[in-house]
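Per this note's numbering, the sequence shown starts with residue 19, numbered consecutively.
We put the CB at the ideal spot given by N, CA and C, even for glycine.
Have a look at the structure below, then the notes.
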Amino acid sequence: MPNHPSLLRCMLLIVACVPALAAGIHPACGAAPVKVLLCTGDYGMWAQNRAKLIMRLVNKAEPGHVAFKREQTFNFVKKLEAPGYARQFDVIVCGDVALGQMTTRAQQAIVHFVKGGGGFIYVVWGKSSIPFQGPLQAQPMPLAGILPYNFFGKSPTSDLQPGATALPAGAGLFKGLNFAGAPAVKGPLALQRKVGKGHVLALLFGPWAAYNYVAYATFKLVPHGWDAWPGLGTFWYRLIHTMAASSPIRGQTWRQVRGAIKNIPLRVRMNVNADKTIDVVRSADFSIVALEQLYVEDGGGLAKWFFRLNPLDVYDRVSQEALLAKGKIGTVATSTIVQHVFARYHIKGIIMGNDSYGSYASWSPQTWQQQIKLAATAAREFPQYLKFLQPGNEPPCDAGYFKFHNRYAKAVLARAPGLKVIGPNTAFNVMGPDVKATKAYIADCGRYTNILNWHIYGVSPGSEKQEVLYWTKYARGKLRSKGPVRVMFTEADVWNTGNSQFNYLMDRAYTFLPMPQIIACFQYCMDPRFEGGTYWFGVLQPKGKFEANYNGYWVWRNLRGKMIAASARGATALARQHCHVLASRRDGGKIVTVVVYYDTGYFDGARHERSNSANVVLRVKLPPGQYKGTESYVDWDTRKVTPLPGVAHGTATARITLQRCTAAAFTWVRQ
């Protein structure tokens, strides 16, 4: 019998309301809409219309039967960390998000959610298929324990967990679906496993639009992909509806669930003592200086100075042109550069060998001599500003690179022993710093390494904190530097947009700046990369395409000098964790700055409380003198500065109500 759209839809509804044979689940019929938390990857990276596509097609196939809450990756992870946040949902859908991107707390929340009866759908595709190679002692992976397959095994289809079931296209869950016109899938479509009262479903492909790689960071839509399959909306509805069957709140609407949660604004009192310094503020070594000052405040006019002092890194990340090849580097007096740029903004430069991505393997004897001479000469000429030597950029972390690293670093250090060598400069990213490779690097190259370094694209700051603590402890006594081990991140970004990107940048500042182990974090800000589009590495810009990236730094632009004591009182201890404060003084106490940030918000399911806003009362003990103050308010797309009324002396008081995902900086300047 030929398929008739209306008849097929009725048949599918009937099938959805009978027991799902492969899983033994009995979906409820005629109940409230299924409440779904949906995250399909980093918004602004690879293929980011997935979530919108799923929502649109499901709502078209089954209007009113599913209620979605869509999140980008960082907000998805951060909100799941809140106790009981997941309990608002019947089903959590997660695709193209690596386990390495999810903090241990967020993973624990999903495990608890499933064991209590929730349904979890994990799409094993893209970053979701990337293994985690970091130390599990630093970042445990509890979510791996409930997946239907062995996450640390070779293949999901060949290494199933106990109790897991493989579901081919003809399984009960998919029975009645017409896969004509859908892309071919080899083997089972999914794996299912009962965990506690709930279920986990691992989809073994990416059921959304597909894109082919054309050139670097360039993708083209693949015709006749899953997005073109007429049954995709019904397919996703079937998965969601079935996985919601055991949810303890399945019969409740979102209004009923959220209505039971009281919205109580946080009331927090913050005390700052400018007389009590506790540390230095390392923001001067963060990219807020190296990029903001060089490119933003001068509108890009200082770029040629930067490249003049970095003759080995001559790739203009604004125009994407090789400057030397184009003949675009002018002659600028080095004294002018030092006086007006490096000295003014406390910039410390990194000398890089010309060996990005392993090109060092083809160095001729003449290249070796040239590269060593360039690095040593620059270091001797500007010892106050050029402090660091980076032999390789994202090299293979293997014996070949180790040999190069030691030869190059040894030769340069013989002429410029004051340099501090950073390494291995590898893009571990969501995989975590590979335990075997990193330990091999430390063993082989530690004698020519002062500072550990890796790249951290897409990883939550909380996870990186745990990695830093692990590796700095492990490497102590094994490096060229004596005493405590320090870490740099010479590439960092997260591929989100909107307040998810803003929250990532703010969370990273409040996580990294108080850590003495981390001395630098070089931020790349990326123009959002959409389906089929391209991207380029960018610099911080106050307006235009990179505005959201810039705002995450702008609010703490005045946080310089010495970190001073700051504490919060009021509300519960858990609630206070969501309201953050950092403070500094500089120029002998002439300038005092306090930065306050309210993150994704306090939520406590056990106490049936949430706080959409925080009422902050700020009291600051100032050094002697009279001070005028300003307030700088920011969210992901808004910046404004307002003078504070009157003159403060002795103690300054300020009040502000912060909505979720907003921040404010208060700066007092002695008159």
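Rank the options by C-alpha distance to the C-alpha of residue i and give the top, closest one.
i                 : options                        : result
threonine 618     : Pro451, Leu437, Thr660, Asp653 : Asp653
proline 661       : Tyr645, Thr675, Met73, Gly668  : Tyr645
aspartate 114     : Ala69, Lys78, Ala182           : Ala69
valine 453        : Ala427, Ala493, Val203, Pro160 : Ala493
glycine 647       : His626, Gln689, Val635         : Gln689
tryptophan 381    : Met370, Phe422, Leu161, Pro101 : Phe422
arginine 285      : Ala682, Cys679, Ala189, Asn630 : Asn630
phenylalanine 223 : Ala187, Leu676, Gly82, Ile282  : Ala187
phenylalanine 107 : Ala262, Leu676, Asp511, Ala200 : Ala262
alanine 393       : Ala632, Met370, Ala379, Pro383 : Met370
alanine 162       : Phe150, Arg256, Ala396         : Phe150
alanine 461       : Thr611, Lys428, Ala417         : Ala417
tryptophan 143    : Gly136, Pro160, Pro174, Gly134 : Pro174
Helix, strand or coil: which one does DSSP assign to residue i?
i              : result
arginine 285   : strand
glutamate 80   : coil
lysine 483     : helix
methionine 506 : strand
tyrosine 167   : strand
asparagine 471 : strand
alanine 200    : coil
glycine 137    : strand
threonine 183  : strand
leucine 154    : coil
tryptophan 686 : strand
lysine 172     : coil
valine 132     : helix
leucine 71     : helix
methionine 63  : For methionine 63, the predicted structure reports a pLDDT of 46, less than 50, and the residue's modelled location is therefore unreliable. A value from the coordinates is still provided. In this structure, methionine 63 counts as strand in the three-state DSSP scheme.
alanine 50     : coil
lysine 145     : helix
lysine 639     : strand
alanine 189    : coil
threonine 515  : coil
isoleucine 178 : Note that residue 178 is leucine in the sequence shown here, rather than isoleucine. Leucine 178: strand per DSSP, three-state reduction.
glutamine 311  : Its pLDDT being 36, under 50, glutamine 311 is placed unreliably in this model, and the coordinates cannot settle the point.
For residue i and residue j, what's the separation of their Cα atoms in angstroms?
i                 : j                 : result
threonine 58      : threonine 467     : 39 Å
glycine 118       : threonine 91      : 12 Å
arginine 673      : phenylalanine 621 : 23 Å
histidine 596     : serine 585        : 13 Å
serine 481        : alanine 127       : 15 Å
leucine 56        : lysine 87         : 6 Å
phenylalanine 304 : leucine 209       : Confidence in phenylalanine 304 is poor, its pLDDT being 43 and thus under 50, which makes the residue's placement too unreliable to answer from.
arginine 594      : glycine 588       : 8 Å
glycine 749       : isoleucine 469    : The structure shown does not extend to residue 749, since the chain is modelled only from 19 through 689, so no value can be given for it.
proline 479       : lysine 491        : 18 Å
leucine 404       : leucine 437       : 8 Å
arginine 287      : valine 635        : 5 Å
threonine 680     : tyrosine 615      : 6 Å
leucine 165       : asparagine 196    : 28 Å
valine 573        : threonine 590     : 26 Å
cysteine 463      : glycine 476       : 27 Å
valine 430        : lysine 391        : 8 Å
arginine 300      : tryptophan 489    : 20 Å
glutamate 627     : arginine 273      : 15 Å
alanine 124       : asparagine 521    : 16 Å
phenylalanine 94  : leucine 592       : 19 Å
alanine 713       : asparagine 471    : Not covered by the structure: residue 713. The range shown for the chain is 19 to 689.
leucine 407       : alanine 583       : 34 Å
glutamate 509     : isoleucine 148    : 20 Å
Opposite residue i in the DSSP bridges: which residues?
i              : result
glycine 661    : Looking at the sequence itself, residue 661 is proline, so the reference to glycine does not match. DSSP lists Thr648 as partners of proline 661.
isoleucine 582 : Thr295
arginine 628   : Asn281, Phe621
isoleucine 674 : Val634
cysteine 463   : Answer by DSSP bridge pairing: none, since cysteine 463 is not bridged.
serine 602     : Met581, Thr611
arginine 587   : Arg287
methionine 370 : Gln408
aspartate 653  : Thr656
glutamine 56   : The sequence as given places leucine at residue 56; glutamine does not occur at that position. DSSP output for leucine 56 lists Arg88, Val111 as bridge partner(s).
cysteine 539   : Phe507
alanine 493    : Paired residue(s): none; alanine 493 is not in a bridge.
Whole alpha helix (DSSP H) runs in the segment 373–458 with 4 or more residues, listed along the chain? Listed in chain order, the complete alpha helix (DSSP H) runs (minimum 4 residues) inside the segment 373–458 are 383–399, 417–433.
Which ranges would you report for the alpha helix (DSSP H) in the segment 204–276 if only whole runs of at least 4 residues count? Fully contained in the segment 204–276 are the following alpha helix (DSSP H) runs of length 4 or more, in chain order: 250–261.
Mind listing, in chain order, the continuous alpha helix (DSSP H) runs of no fewer than 4 residues lying wholly within the segment 86–123? Qualifying alpha helix (DSSP H) stretches, in chain order: 91–98.
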